[in-house]
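*Asks:* In the numbering used here, the protein residues as written are 31 to 558. Quick one: the structure is below, and I'll ask about it shortly.
Encoded structure:
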């Protein structure tokens with residue numbers, strides 16, 4: 031049986047890499063990404079020595095980062111499940127990061143095997159391998175996907191190799207670093223672990239970018255300890271180097287355990303929280319100018335609470351649950367199921383129209399049985415199943431299957447259990463794609479039995495508009511005031527509206543209580 035011949039790479043040194051890159055379609059990031067993946071894959075399978083392999087990877091690293099940044103726009107912040115072209119783009123980006131990481135891993139293995147040229151650059155190689163894993167992780171979180179147990183196993187092995195070579199804390203230059211010019215394998219390892227610990231799926235894209243930048247600034251302050259910290263030290267996150275999970279997922283013992291001591295990092299966070307309270311601008315505290323002072327404070331508190339093992343306990347403890355949950359998404363479908371009838375604009379004479387997959391509205395005449403049936407089909411609830419629940423919300427899952435409605439984090443949904451008679455409202459707090467097409471979601475209840483209504487408003491130009499609305503009652507025992515849910519950006523300051531069908535009279539919108547991805551929840555005062 032013949033031995034397979036490895037593919038021949040066009041690149042065999044830095045000079046040929048430069049010539050090859052000059053021939054690539056720089057104006058087409060997707061084509062450049064595919065070409066880089068093919069060529070790096072060939073290099074990994076070839077016989078290039080570790081020193082030359084490292085030089086080539088270092089030259090190609092910046093073009094890889096450029097192509098990946100551009101291609102990530104296709105899948106960043108999209109609702110789940112990703113559309114086929116978005117999923118393809120994400121998988122292509124993940125593949126290229128894996129190939130680049132494999133190249134650095136091969137160099138690291140050569141250094142561990144005693145190759146003299148590779149050993150001279152062990153600190154650089156280890157840092158680059160972990161930095162590549164960090165970028166793969168960031169893309170996964172931007173696409174709301176899991177990184178998986180194999181990712182964690184490989185990450186821990188890379189850091190363990192850096193420790194064995196005595197270079198985990200050795201500073202090296204990195205032109206792609208988010209903050210500063212130098213970093214280390216250990217700092218990169220801490221960045222990956224702390225970003226996961228900060229519950230990234232709960233964050234908006236803007237928050238995720240800011241949080242990762244902050245952790246990158248402060249991760250050099252994190253000490254990775256071999257010995258267990260003093261009892262009661264809340265700032266130490268345990269991690270198992272022989273395990274297949276992130277920090278906190280402990281399955282080993284003894285020599286394989288490490289602890290991330292975040293004491294100094296938490297001190298930096300506390301100092302900035304104090305300054306923000308004093309009115310200092312976020313940009314003056316090296317927090318950037320992409321968040322308001324209020325938003326920066328909220329995100330800092332989030333990070334502070336999550337970078338220790340004594341994070342604040344859940345207000346509502348979770349308990350295992352099972353059973354089917356019926357889910358409706360989209361304001362149009364939710365209004366149909368909550369109100370029990372089709373939306374119709376008073377006084378109009380036009381008939382209902384159907385807009386595939388997005389909108390179904392009726393205007394001006396009584397619904398017919400045919401129209402009701404069509405709406406029931408278009409807005410049929412989807413079947414999810416319970417994972418666990420608490421008084422404040424629940425965690426649900428949807429298996430892969432035929433085309434499904436896409437749902438994003440921060441979106442309004444309606445839910446009904448098997449034994450429930452009516453739908454309740456909730457917001458998706460986080461979403462994550464799992465396995466081959468499955469989706470998990472964290473759900474936060476919006477308290478109270480909703481009443482479907484129609485809101486009549488008067489625009490500045492004098493034009494009368496009608497919108498779907500949901501009125502939520504006051505719940506005294508929970509100290510939850512009455513509120514109204516309207517389409518996104520409906521609240522633009524205090525103003526009056528009228529609720530009809532049913533007739534609830536005039537209201538004055540007073541303050542924004544909550545803003546999701548597709549809705550505003552607003553406090554109001556009755557006027558009549």
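We treat Cβ as the ideally placed atom computed from N, Cα and C, and that holds for glycine.
What residue from 152, 135, 175 has the CA that sits closest to residue 106's CA?
*Replies:* Numbered from its first residue, the chain shown carries residue 106 at position 76. Measuring C-alpha to C-alpha distances from residue 106 to each of 152, 135, 175 identifies 175 as the nearest.
*Asks:* Between the C-alpha atoms of residue 315 and residue 305, what's the straight-line distance to the nearest angstrom?
*Replies:* The residue you call residue 315 lines up with position 285 of the chain shown. The residue you call residue 305 lines up with position 275 of the chain shown. So the alpha carbons of these two residues sit roughly 8 Å apart.
*Asks:* Would residue 291 be called buried (16 or more neighbouring beta carbons within 10 Å of its own) or exposed?
*Replies:* By 1-based counting over the chain shown, the position of residue 291 is 261. Under this definition residue 291 is a buried residue.
*Asks:* Please tell me whether residue 126 and residue 57 are closer than 8 Å, where the distance is taken between their beta carbons.
*Replies:* On the chain shown, position 96 is the one that residue 126 refers to. On the chain shown, position 27 is the one that residue 57 refers to. No.
*Asks:* Considering only C-alpha positions, which residue in the set 54, 413, 152 is nearest to residue 196?
*Replies:* Your numbering for residue 196 matches position 166 in the chain shown. Just measuring C-alpha positions, the residue of 54, 413, 152 sitting nearest residue 196 is 152.
*Asks:* Does the beta-carbon of residue 519 have 16 or more other beta-carbons within 10 angstroms, so that it is buried, or is it exposed?
*Replies:* Translated into positions along the chain shown, residue 519 becomes position 489. Around the beta carbon of residue 519, fewer than 16 other beta carbons sit within 10 angstroms, so the residue counts as exposed.
*Asks:* What is the DSSP secondary structure of residue 209, counted as helix, strand or coil?
*Replies:* Locating residue 209 in the chain shown gives position 179, counting from the first residue. DSSP places residue 209 in coil when its eight states are reduced to three.
*Asks:* Taking 8 Å as the cut-off, does the region 175 to 195 touch the region 135 to 154 (at least 3 CB pairs, one atom from each stretch)?
*Replies:* Yes, since at least three Cβ pairs between the region 135 to 154 and the region 175 to 195 fall closer than 8 Å, the two stretches touch.
*Asks:* Should residue 557 go down as buried or exposed, given a rule of 16 or more other Cβ atoms within 10 Å for buried?
*Replies:* By one-based count along the chain shown, residue 557 stands at place 527. Around the Cβ of residue 557, a 10 Å sphere holds fewer than 16 other Cβ atoms; the residue is exposed.
*Asks:* Would you give the residue range spanned by the beta strand (DSSP E) that residue 154 belongs to?
*Replies:* Locating residue 154 in the chain shown gives position 124, counting from the first residue. Looking at the DSSP string, residue 154 is not in any beta strand (DSSP E); the run it does join, the alpha helix (DSSP H), is 152 to 172.
*Asks:* Does the distance from the CB of residue 232 to the CB of residue 459 come in under 8 Å?
*Replies:* One-based indexing of the chain shown puts residue 232 at position 202. One-based indexing of the chain shown puts residue 459 at position 429. Closer than 8 Å, so yes.
*Asks:* Give me, in chain order, the residues of the same chain whose beta-carbon lies closer than 6 Å to that of residue 295; leave out the 5 immediate sequence neighbours on both sides.
*Replies:* By 1-based counting over the chain shown, the position of residue 295 is 265. Excluding residues within five positions, the ones whose Cβ falls inside 6 Å are 248, 251, 252.
*Asks:* Taking the straight line between their C-alpha atoms, what separation do you get for residue 267 and residue 288?
*Replies:* Numbered from 1 along the chain shown, position 237 holds the residue referred to as residue 267. Numbered from 1 along the chain shown, position 258 holds the residue referred to as residue 288. Answer to the nearest angstrom: the Cα atoms are 8 Å apart.
*Asks:* Along the alpha helix (DSSP H) that carries residue 93, what are the first and last residues, could you check?
*Replies:* Indexing the chain shown from 1 puts residue 93 at position 63. Taken as a continuous stretch (DSSP letters only), the alpha helix (DSSP H) holding residue 93 covers 80 to 101.
*Asks:* Whose C-beta lies closer than 7 Å to the C-beta of residue 416 among residues of the same chain, with five residues either side of it excluded?
*Replies:* Taking the chain shown and counting its residues from 1, one reaches residue 416 at position 386. Closer than 7 Å at the Cβ level, and outside the excluded window around residue 416, lie 351, 352, 353, 355, 424, 426.
*Asks:* Going by the DSSP bridge assignment, what does residue 247 pair with across the sheet?
*Replies:* Stepping through the chain shown from its first residue, residue 247 is reached at position 217. When beta bridges are read from the DSSP output, residue 247 appears opposite no residue.
*Asks:* What is the rounded straight-line gap between the Cα of residue 80 and the Cα of residue 163?
*Replies:* Position 50 of the chain shown, counted from the start, is the residue given in the question as residue 80. Position 133 of the chain shown, counted from the start, is the residue given in the question as residue 163. If you take the alpha carbons of residue 80 and residue 163, they lie about 20 Å apart.
*Asks:* Please classify residue 367 as buried or exposed, where buried requires at least 16 neighbouring CB atoms within 10 angstroms.
*Replies:* What you label residue 367 is simply residue 337 of the chain shown in a count that begins at 1. Under this definition residue 367 is a buried residue.
*Asks:* What does DSSP give as the partner residues of residue 446 in its beta bridges?
*Replies:* In the chain shown, the residue the question calls residue 446 occupies position 416. According to DSSP, which records beta bridges pairwise, residue 446 is partnered with 356.
*Asks:* Apply the 10 Å Cβ neighbour rule to residue 302 and answer buried if 16 or more other Cβ atoms are within range, or exposed otherwise.
*Replies:* Sequence index remark: in the chain shown, residue 302 carries index 272 (1-based). So residue 302 ends up on the buried side.
*Asks:* Mind checking who residue 413 pairs with in its DSSP beta bridge?
*Replies:* Taking the chain shown and counting its residues from 1, one reaches residue 413 at position 383. Beta-bridge pairing links residue 413 to 356.
*Asks:* Run the CB neighbour count on residue 524, radius 10 Å, all protein chains shown included, and call it buried at 16 or more, exposed below.
*Replies:* Mapped onto the chain shown, residue 524 falls at position 494. Result: exposed.
*Asks:* Do three or more CB pairs link the region 498 to 517 to the region 474 to 488 at distances below 8 Å?
*Replies:* The region 498 to 517 makes contact with the region 474 to 488; the number of CB pairs closer than 8 Å reaches 3 or more.
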